[in-house]
Amino acid sequence: MKNKKFETEAVRTQVERSQFLEHSSPMYLTSSFQFDDAEDMRASFAEEKERNVYSRYSNPNSSELIEKVCKMERAEDGFAFASGMAAVFSTFAALLESDDHIISAQSIFGSTHTLFTQFFPKWNITTSYFDIDNLQEIDALVTSKTKMIYAESPTNPGVDILDLERLGQIAKKHGLLLVIDNCFASPYLQQPIKFGADLVIHSGTKLMDGQGRVLGGITVGNKELVDRIYRFSRITGPALSPFNAWVLSKSLETLAVRVDRHCQNALQVASFLEAHPKVEWVKYPFLKSHPKHEIAKKQMKAGGCVVAFEVQGGLEAGQRFFNAIKLLSLSANLGDAKSIVTHPASTTHSKLTSQERQAVGITDGMVRISVGLEHAQDIIADINQALG
218 MKNKKFETEA
228 VRTQVERSQF
238 LEHSSPMYLT
248 SSFQFDDAED
258 MRASFAEEKE
268 RNVYSRYSNP
278 NSSELIEKVC
288 KMERAEDGFA
298 FASGMAAVFS
308 TFAALLESDD
318 HIISAQSIFG
328 STHTLFTQFF
338 PKWNITTSYF
348 DIDNLQEIDA
358 LVTSKTKMIY
368 AESPTNPGVD
378 ILDLERLGQI
388 AKKHGLLLVI
398 DNCFASPYLQ
408 QPIKFGADLV
418 IHSGTKLMDG
428 QGRVLGGITV
438 GNKELVDRIY
448 RFSRITGPAL
458 SPFNAWVLSK
468 SLETLAVRVD
478 RHCQNALQVA
488 SFLEAHPKVE
498 WVKYPFLKSH
508 PKHEIAKKQM
518 KAGGCVVAFE
528 VQGGLEAGQR
538 FFNAIKLLSL
548 SANLGDAKSI
558 VTHPASTTHS
568 KLTSQERQAV
578 GITDGMVRIS
588 VGLEHAQDII
598 ADINQALG
């Protein structure tokens, strides 16, 4: 059966069954694999045949996960990592060389920003930032050493939107790689490759898992680029464990139905907050008040699970809000079945200076809510009582 829908691919893509004919994919909790004889072993290590050799290189469970995400993202190939940041770092490290230059959106995850500012300069890899509301800045930042453009959309934590099609056009014009972190959207809501991305990165820890159980990451996209990432990673060892790959692959079977509910709940929460007198502002891509609402509708199926807002009264009011929360969890994760509230300035983006946070719109009073799968009325009731 060809041209299966997204939900069907998520459920029906499966590794080969064993002699027991399992209905659910089995776990392959093994570090290595046996060979028939000396020639089989030699040929396998020489890559003259495709087979599993060692689970740092490949494993049936990670292969199933990769195949599913590739189908979802319309990618040619991929590699699965032990965490989202392992995917981010390994993707850059495999493709960049000393003296290369990255052009990055200013609004990115705090740990990625730290890679760019504290670690990559040690290897003479430099980064220039562009304003997410002014993509034409990118042209002026391109030099002979520029290798790639990097961005998130929606952004973490401000839930801003970048025009992926425009980014794709700019990257193509200058012959640059376009790498997009698609974590906040998931492959169900958005496929950046359709808009010109060469590679797409996910933290599987978030919506892909959906229940806060395991760490994982994945990079998918152009086959030649992925092969370079694979060869770097099989030597350096950031591979995803077979068990976590099995968990994530099973989780993808319910991704569509979970994300549908996340988005329904998040829109209700965002609409409630927008009308609340103690809230300064709210950002959610599918609110009409979002400055990039029309672009979000063009490239996303729905608005995702994350809502950002500011409590009236600044940092002190924000702290009172967090201390008053009863139902929602205070945690730094997102995409969980449980709703989570986070204070980015003191957690996920605390390593940035106050000036760097202000430059990307992370105010001291900003709150990020990852809206979960509880009943929307209960989520709203807890937020309402915490706002006082």
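When the letters of the sequence shown are read in order and numbered with this note's numbering, they come out as residues 218 to 605. Ideal Cβ placement from N, Cα and C applies to all residues, glycine included.
Please identify the residue among the options whose C-alpha is closest to the C-alpha of residue i.
i	options	result
V417	L547, D599, L395 and F347	L395
E314	G520, R273 and T363	T363
R537	S466, V499 and A603	A603
L282	A297, R291 and I542	A297
P459	S235, E290 and S280	S280
S563	S242, D553 and E533	E533
Q594	Q231, G438, Q485 and R273	Q485
F412	M517, N601 and S571	M517
E491	H391, A255 and K505	K505
I320	I355, F337 and Q335	I355
D581	Q572, M425, K390 and L547	Q572
Y367	D350, A388 and P404	A388
R478	N461, A227 and A519	A519
F503	E591, R273, A483 and G530	A483
G438	R451, P404 and T453	P404
A456	E527, G578, I435 and V443	I435
K221	K285, V496, G578 and S261	K285
F401	T308, G605, I378 and H391	I378
L608	Q231, E497 and I597	Nothing can be reported for residue 608: it is not among the residues displayed for the chain, which extend from 218 to 605.
A322	A227, G605, E369 and E224	E369
S242	S345, Q231, M258 and G421	Q231
L393	L312, G454, K423 and D348	L312
Sorry if obvious, but does the Cβ on residue i come closer than 6 Å to a heavy atom of the ligand ATP?
i	result
S571	The model on display carries no ligand, and the ligand ATP is accordingly not part of it.
For residue i, does the count of other Cβ atoms within 10 angstroms reach 16, so buried, or fall short, so exposed?
i	result
F326	buried
P371	buried
D415	buried
S275	buried
N373	buried
E239	exposed
F237	exposed
W463	buried
N351	exposed
F489	buried
G385	buried
N278	buried
Q353	exposed
S468	buried
T570	exposed
A525	buried
A303	buried
H419	buried
A508	In the sequence under discussion, the amino acid at residue 508 is Pro, which differs from the Ala named in the question. Classification of P508: exposed, given that the 10 Å Cβ count is below 16.
R585	buried
M258	exposed
Quick check on the DSSP output: the alpha helix (DSSP H) that includes residue i runs from which residue to which?
i	result
E382	L381 to H391
K354	The sequence shown places Glu at residue 354, rather than the Lys named in the question. Counting along the chain, the alpha helix (DSSP H) containing E354 begins and ends at E354 to L358.
H167	Residue numbering for the chain in the displayed model covers 218 to 605; residue 167 lies beyond these limits and cannot be assessed.
I600	A593 to L604
T331	G327 to T331
S189	Because the chain in this structure spans residues 218 to 605, residue 189 falls outside the shown range and cannot be described.
N536	Checking the displayed sequence, the identity of residue 536 turns out to be Gln instead of Asn. Element bounds for Q536: G531 to A541.
Q572	S571 to A576
F337	It is not in any alpha helix (DSSP H) - F337 carries neither H nor E in the DSSP assignment.
A554	Counting along the chain, A554 falls outside any alpha helix (DSSP H), and DSSP gives it neither H nor E.
A549	Taken as a continuous stretch (DSSP letters only), A549 belongs to no alpha helix (DSSP H), as it is neither H nor E.
A227	F223 to R229
The beta strand (DSSP E) that contains residue i, what's its start and end?
i	result
G526	The displayed chain sequence assigns Phe, not Gly, to residue 526. Taken as a continuous stretch (DSSP letters only), the beta strand (DSSP E) holding F526 covers V523 to V528.
V558	I557 to T559
A322	H318 to A322
I366	T363 to E369
F503	Neither: F503 is in no beta strand (DSSP E) and is coded neither H nor E.
F347	T343 to F347
S587	M583 to S587
**Stretch-stretch touch, CB-based, cutoff 8 Å, three pairs: the segment 427–435 with the segment 233–252** = no
**Request:** Output the residue ranges of the alpha helix (DSSP H) runs that lie fully inside the segment 233–316 and measure 4 residues or longer, sorted by chain position.
**Result:** 255–262, 277–290 and 301–312
**Asked** Using 8 Å as the Cβ pair cut-off and three pairs as the minimum, do the segment 283–293 and the segment 395–411 touch?
**Response** Taking a cut-off of 8 Å on C-beta distances, the segment 283–293 touches the segment 395–411, as three or more cross pairs fall below it.
**Request:** Could you name each continuous beta strand (DSSP E) segment of 3 residues or more that falls completely within the segment 389–459, going from the start of the chain to the end?
**Result:** 394–398, 416–420 and 434–438
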